[in-house]
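Student:
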Amino acid sequence: VFPELPNYHYNYKPLRKKIGDHMDEHVSIVRNELGLKMTKTMLDTMAEHLEKAPNLTRYYYEALNMIATAQYITNQAYKRKESIGCHFRLN
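Converting from the sequence shown to the working numbering requires adding 9 to each position, the first position being numbered 1.
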């Protein structure tokens, strides 16, 4: 039969809130280089910590996917120096 998996009860809500808050504050309509760098560093650290302690739950993978999506958006915003559409780069 299947091996028994450990029962993890980690609460990912604070992590998800922190990601959302950083994205709203630093990677939304008005952006600057410092805010994008801070968010990139925070997301890289979060991803590293999550990958070191895998948790075979839906919530773990949702958090991991949320970080991956936020990293992609942040990296693209950081690379783009010009303002496009409604997104405005301060520096």
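Just so you know, even glycine gets a beta-carbon here, dropped at the ideal spot from N, CA and C.
So, Leu-99 versus Val-39, is the Cβ gap smaller than 8 Å?
Tutor: Closer than 8 Å, so yes.
Student: What's the C-alpha gap between Leu-43 and Pro-23?
Tutor: C-alpha separation (whole angstroms): 23 Å.
Student: Starting from the C-beta of Ala-79, find all residues in its chain whose C-beta is less than 7 Å away, skip the five residues before and the five after it, and write them out in chain order.
Tutor: Excluding sequence neighbours, Ala-79 sits near Ile-28, Met-32, Leu-52.
Student: Using DSSP's beta-bridge definition, name the partner residues of Val-39.
Tutor: Answer is Phe-97, bridged to Val-39.
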